[in-house]
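Engineer: In mature numbering (1 follows the signal peptide of the UniProt record, and there is no 0), the protein residues as written are -22 to -1, 1 to 155.
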């Protein structure tokens, strides 16, 4: 009789081997090139960590902000992670959507403002946890601060954690997360 350890080991080996050859169509279409040789992460200077992407010009935690950060030489891209109502992980800094999305202008969501106790304080707003991924993806984001470049407001949507990972994987060099 095969032990649980042996079965687990065989399953892990098969997953490892299968994962490297899984979905060749996806690799051909550029979704993930596992054979692509990348430059290793640099070690000659302190690391440049892009907190929420390159968010001085482009709204924070958007695909465009992370792509710009990589283009500007970031060694790592960093994100905040929250969960939607239906359990999807998204890249977003605040528990509420008020400060950096168009939610206040969306009449279909007007009645969904709530008050919750957050770290000992009553906070009122539109909370991420009350919206599905589909609803969150319909929102457009803007700069957090008015002194930042406003030309990219409303052009981007909320990013999922899966999309964030793919941005790092698709970079032409190793980018840490």
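Here a beta-carbon is modelled for each residue, glycine too, at the ideal position from N, C-alpha and C. Since the model is a prediction, treat every value here as computed from it, not as a measurement.
#1: What's the gap between the Cα of residue 99 and the Cα of residue 150?
#2: Report the residue from 39, 54 and 76 whose alpha carbon sits nearest the alpha carbon of residue 88.
#3: I need the boundaries of the alpha helix (DSSP H) containing residue 112, first residue and last residue.
#4: Report the three-state DSSP secondary structure of residue 130 (helix, strand or coil).
#5: Check whether the stretch 21 to 35 and the stretch 104 to 115 are in contact - that is, three or more C-beta pairs closer than 8 Å.
#6: Pick helix, strand or coil for residue 44, following the three-state DSSP scheme.
#7: Out of 126, 124, 119 and 125, point me to the one whose CA is closest to residue 132's CA.
#8: Tell me, to the nearest whole angstrom, how far the beta carbon of residue 74 is from that of residue 104; I am working on the premise that it is less than 8 Å.
#9: Span of the beta strand (DSSP E) holding residue 67?
#10: Can you tell me the Cα-Cα spacing of residue 135 and residue 21, whole angstroms?
#11: Based on the DSSP secondary-structure assignment, which residues constitute the bridge partners of residue 96?
#12: Helix, strand or coil for residue 147? Go by DSSP, reduced to three states.
Structural biologist: Reading off the structure:
#1: As a first step, residue 99 must be located in the chain shown, where it is residue number 121. As a first step, residue 150 must be located in the chain shown, where it is residue number 172. Approximately 44 Å between the Cα atoms of the pair.
#2: By 1-based counting over the chain shown, the position of residue 88 is 110. Considering only alpha carbons, the answer is 76.
#3: The residue labelled residue 112 in the question sits at position 134 within the chain shown. First-last of the alpha helix (DSSP H) with residue 112: 111 to 115.
#4: Position 152 of the chain shown, counted from the start, is the residue given in the question as residue 130. Correct three-state label for residue 130: coil.
#5: no
#6: Here residue 44 refers to the residue found at position 66 of the chain shown. Correct three-state label for residue 44: helix.
#7: The residue labelled residue 132 in the question sits at position 154 within the chain shown. Answer by Cα proximity: 119.
#8: As a working mapping, residue 74 is identified with position 96 in the chain shown. As a working mapping, residue 104 is identified with position 126 in the chain shown. About 6 Å separates the two Cβ atoms, so the contact holds.
#9: Indexing the chain shown from 1 puts residue 67 at position 89. Segment 67 to 69, the beta strand (DSSP E) holding residue 67.
#10: The count along the chain shown starts at 1 and reaches residue 135 at position 157. The count along the chain shown starts at 1 and reaches residue 21 at position 43. Just so you know, the alpha carbons of residue 135 and residue 21 end up roughly 34 Å apart.
#11: Residue mapping note: residue 96 aligns to position 118 of the chain shown, counting from 1. Its beta-bridge partners are 99.
#12: For the purposes of this step, residue 147 is taken as residue 169 along the chain shown, with counting starting at 1. If DSSP states are grouped into helix, strand and coil, residue 147 belongs with the helices.
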